[in-house]
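Below is one structure; the comments refer to it alone.
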Amino acid sequence: MIRNSRKESLIAYALIAPFVAIYGLIFIYPTIDMFILSFQDAPLIGSGDWVGSDNYTRLGRDRRFGTAAWNTAYFVALSVLPGTLVALGIALGVSRLSGRLQALVLALFFLPYILPVSVVFRLWDWTLNFQFGIAMHLFDWVGIDRVPIFKVTAWFMPAVAFVTIWWTCGFSILLFLAGLRAIPQEIYEAAALDNTSRWRTFRRITWPLLWPVTALVLTIQLILQLKIFDQVYLFSQGGRPNDNLVMVYYIFQRAFVNDHGGRAAAIAVVLFFVVIIVSVLNFQLMRFAERRQ
Amino acid sequence: MSGPMTAQTARRFNLAGGAITLVTVICAVIWAFPIYWGIISSLKPEDEVVRPVIELWPETLTFDHYWFALTETQIGSWYLNSIVTALGVTFITVTTSMFAGYAISQLRFPGRTALWWLILASFMVPTQVLIINHFVLMANMGLLNSWAGIILPQLIHPVIIIVYKQFFDQVPRDFREAAVMDNASEWRILFKVYVPMNWGVTTALSIVTFIWAWNAFLWPFLAVTKTEMMTITVGITQVWDAFGVYYARQLSAAVLAGFPVALAYLLFQRRVTQAITLSAGIKG
Numbered sequence: 000m001i002r003n004s005r006k007e008s009l010i011a012y013a014l015i016a017p018f019v020a021i022y023g024l025i026f027i028y029p030t031i032d033m034f035i036l037s038f039q040d041a042p043l044i045g046s047g048d049w050v051g052s053d054n055y056t057r058l059g060r061d062r063r064f065g066t067a068a069w070n071t072a073y074f075v076a077l078s079v080l081p082g083t084l085v086a087l088g089i090a091l092g093v094s095r096l097s098g099r100l101q102a103l104v105l106a107l108f109f110l111p112y113i114l115p116v117s118v119v120f121r122l123w124d125w126t127l128n129f130q131f132g133i134a135m136h137l138f139d140w141v142g143i144d145r146v147p148i149f150k151v152t153a154w155f156m157p158a159v160a161f162v163t164i165w166w167t168c169g170f171s172i173l174l175f176l177a178g179l180r181a182i183p184q185e186i187y188e189a190a191a192l193d194n195t196s197r198w199r200t201f202r203r204i205t206w207p208l209l210w211p212v213t214a215l216v217l218t219i220q221l222i223l224q225l226k227i228f229d230q231v232y233l234f235s236q237g238g239r240p241n242d243n244l245v246m247v248y249y250i251f252q253r254a255f256v257n258d259h260g261g262r263a264a265a266i267a268v269v270l271f272f273v274v275i276i277v278s279v280l281n282f283q284l285m286r287f288a289e290r291r292q
Numbered sequence: 000m001s002g003p004m005t006a007q008t009a010r011r012f013n014l015a016g017g018a019i020t021l022v023t024v025i026c027a028v029i030w031a032f033p034i035y036w037g038i039i040s041s042l043k044p045e046d047e048v049v050r051p052v053i054e055l056w057p058e059t060l061t062f063d064h065y066w067f068a069l070t071e072t073q074i075g076s077w078y079l080n081s082i083v084t085a086l087g088v089t090f091i092t093v094t095t096s097m098f099a100g101y102a103i104s105q106l107r108f109p110g111r112t113a114l115w116w117l118i119l120a121s122f123m124v125p126t127q128v129l130i131i132n133h134f135v136l137m138a139n140m141g142l143l144n145s146w147a148g149i150i151l152p153q154l155i156h157p158v159i160i161i162v163y164k165q166f167f168d169q170v171p172r173d174f175r176e177a178a179v180m181d182n183a184s185e186w187r188i189l190f191k192v193y194v195p196m197n198w199g200v201t202t203a204l205s206i207v208t209f210i211w212a213w214n215a216f217l218w219p220f221l222a223v224t225k226t227e228m229m230t231i232t233v234g235i236t237q238v239w240d241a242f243g244v245y246y247a248r249q250l251s252a253a254v255l256a257g258f259p260v261a262l263a264y265l266l267f268q269r270r271v272t273q274a275i276t277l278s279a280g281i282k283g
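Chains H and R, in that order, give the protein sequences.
Position 230 of the first sequence, counted from 1, bears residue number 229 in numbering that gives the first Met the number 0, the numbering being contiguous throughout.
Position 52 of the second sequence, counted from 1, bears residue number 51 in numbering that gives the first Met the number 0, the numbering being contiguous throughout.
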């Protein structure tokens, strides 16, 4: 086949032009700008002097940065592994069902994931309301003293992690269900013939074959939760934001509340590298998982 | 292995299986309960909402709070802003990604590999870290408090190009060669062969992009300071005096904000789940 390669290139450039234009303006330029800004003593809007690595060295003795880094790590620990296990449990339960019942049950578990964070915030702010929340009846019944959950630092992160798991679990459930469907049915039939117990079947067949998907879910969750902001911000309103800082929240606070564009950019660069490193590991795991499948 | 033994084990198996099924169904109901509770509370009069007893159905069913939200707040403008910006993000993202995905999948041109690696690499960059520079850029362009300003920074969805490339790669070469023999132009091949063959994935990707854009919080929250330019996700949580400390009113606004995406999901359940598994790199 004769191909006019010059014409083909021109058409290709015309096709990628809109994407490349947007990408350059909204992605590449701001990324470079972020690195430059992080070495300047600049406000949010306007220019500043070059200060070398000052903005970075200051982070070492910045108490709010310490709080933000710690809380982010704490939140990741509270949400990633527990969320993945909950999703796995639900997916195993849902995969046993079939037909309309399965569709209905899956929809009930999945619906929260579709909702905007503002709606999730309103629902749980109401459910866990100190005075009138329905969950407080549960507290009374168990015998715990009622607490204004989002106003007490010790309760804040666990509660936000709980709400986050409720909100985002649907996504992981879908991935686990896809993984479970990919396991050939004959393997289970063989196990059933051998009278293998339910637990043994899970340990010896389901778990090892599902491991690639589990690794995928864990890393996606990890990257997602490192970038947490919305829920923490919303639930902190009227509470104690300085105790609840997470990385993105601190970037927001430095830039938009304290008007320190340069110092905020330095925090952004730190988070940028943390997420990139985790993502590279994620990418390797995905390739590993593909090879296994 | 004797006969009765297996029957017994089988019965025990079924009993345990039935119990697991029952627990799953009960858990699903509890899981979705806060949504039900939010909706029901929004349909009760304010004095009934704060009663210290659990009433699963309103004694007096009222739509007053919805009427209040729709007539006394700016929720109408917020709805419009959300619809326009979400549709804008969806349309621009899906079309530009479709074109780029087609070029990378089907055409050979200098810079193709570099572009592909750039897209894969950008998959890893968290857009949240760019908020400062997005804000400065939009301010310099005079786009804060505008639809364009809300839309532009939300257009980075490399995963959509990746999915399109995968799907275009799978279209058999025969279709392309037959079209080339007929002297069809690249545009014709794209719009008459490749796009129609992949309507399903386009629909799925459009629905989830719309849901993502509708649900976006951080960027619309930063890009807008005027209450009449807010999207609904920002408006219902950031405008304090709009609702006061009236729980049922706040909840009715939340129900209104969540309704379009919940409906989109319930109508297109299979498409949504397909697109979401695809976006995670799993073939649905």
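All residues carry an ideal CB built from backbone N, CA and C; glycine is no exception.
- According to DSSP, Gln39/H shares a beta bridge with Trp49/H.
- For the C-beta of Tyr163/R, not a single chain H residue is nearer than 8 angstroms; the gap to the nearest is close to 11 angstroms.
- Counting only runs of 4 or more residues that sit fully inside the region 32 to 100 of chain R, the alpha helix (DSSP H) segments are 45 to 48 and 63 to 71, in chain order.
- Asp193/H: not part of any alpha helix (DSSP H); DSSP gives it neither H nor E.
- Judged by DSSP secondary structure, Ile250/H falls within the alpha helix (DSSP H) whose first and last residues are Met246 to Phe251.
- For Asp229/H, the neighbours in chain R by C-beta distance under 7 angstroms run, in chain order, Phe216 and Leu217.
- The beta carbon of Thr213/H is closer than 6 angstroms to none in its chain, skipping five residues each way along the sequence.
- The Cβ neighbour count for Val200/R, taken over all protein chains shown within 10 Å, is at least 16; the residue is labelled buried.
- DSSP, read as helix, strand or coil, puts Val231/H in helix.
- Contact check for Phe26/H against Ile155/R passes: the beta carbons are separated by less than 8 angstroms.
- In chain order, Leu233 place their CB closer than 6 angstroms to the CB of Phe120/H, counting only its own chain and leaving out the 5 sequence neighbours on each side.
- In the structure shown, Asp258/H falls within a coil segment according to DSSP collapsed to helix, strand and coil.
- Annotation: the continuous alpha helix (DSSP H) that includes Asn70/H extends over Arg62 to Arg95.
- Taken through DSSP and simplified to helix, strand or coil, Phe26/H comes out as helix.
- One Cα belongs to Pro240/H, the other to Pro33/R, and the distance between them is close to 25 angstroms.
- One finds Pro115 in chain H with Cβ atoms closer than 7 angstroms to the Cβ of Trp213/R, taken in chain order.
- Around the Cβ of Asn132/R, a 10 Å sphere holds 16 or more other Cβ atoms; the residue is buried.
- In the three-state reduction of the DSSP assignment, Tyr55/H falls in the helix class, which pools H, G and I.
- When C-beta distances to chain H are compared with 8 angstroms, every residue of the region 63 to 80 of chain R stays at or above that value.
- A straight line joining the alpha-carbon of Ala41/H with that of Val277/H spans about 30 angstroms.
- Neighbours of Ser278/H in chain R, taken as residues at a C-beta separation under 7 angstroms, are given in chain order as Met123.
- In the DSSP annotation of this structure, the continuous segment of the alpha helix (DSSP H) that includes Thr167/H starts and ends at Thr152 to Arg180.
- For Ala120/R, the enclosing alpha helix (DSSP H) covers residues Arg111 to Ser121.
- Taking 8 angstroms as the cut-off, the Cβ atoms of Asp124/H and Phe216/R do not count as close.
- Neighbours of Ser96/R in chain H, taken as residues whose beta carbon is under 9 angstroms from its own, are Phe18 in chain order.
- With respect to the 8 angstroms criterion, Pro152/R and Trp213/R are not classified as neighbours on the basis of their beta carbons.
- Within the model, the alpha-carbon separation for Gly142/H versus Pro157/H is close to 19 angstroms.
- Around the C-beta of Glu58/R, fewer than 16 other C-beta atoms lie within 10 Å, and the residue is accordingly described as exposed.
- Check the Cα spacing between Ile219/H and each of Trp206/H, Gly82/H and Arg253/H: the tightest is with Gly82/H.
- A direct Cα-Cα distance of roughly 14 angstroms separates Thr66/H from Ile227/H.
- Judged by pairs of C-beta atoms under 8 angstroms, the region 130 to 146 of chain H does not touch the region 110 to 119 of chain H, as fewer than three such pairs exist.
- The criterion of a C-beta distance shorter than 8 angstroms is satisfied by Arg57/H and Arg262/H.
- Ranked by Cα distance from Gly238/H, the options Pro111/H, Trp154/H, Ala102/H and Gly169/H are led by Trp154/H.
- Apart from the 5 residues on each side of it in sequence, Ser121/R sits with its Cβ closer than 6 angstroms to the Cβ of Pro157 in its chain, given in chain order.
- DSSP, read as helix, strand or coil, puts Pro207/H in helix.
- Here the alpha carbon of Arg187/R sits roughly 10 angstroms from the alpha carbon of Val194/R.
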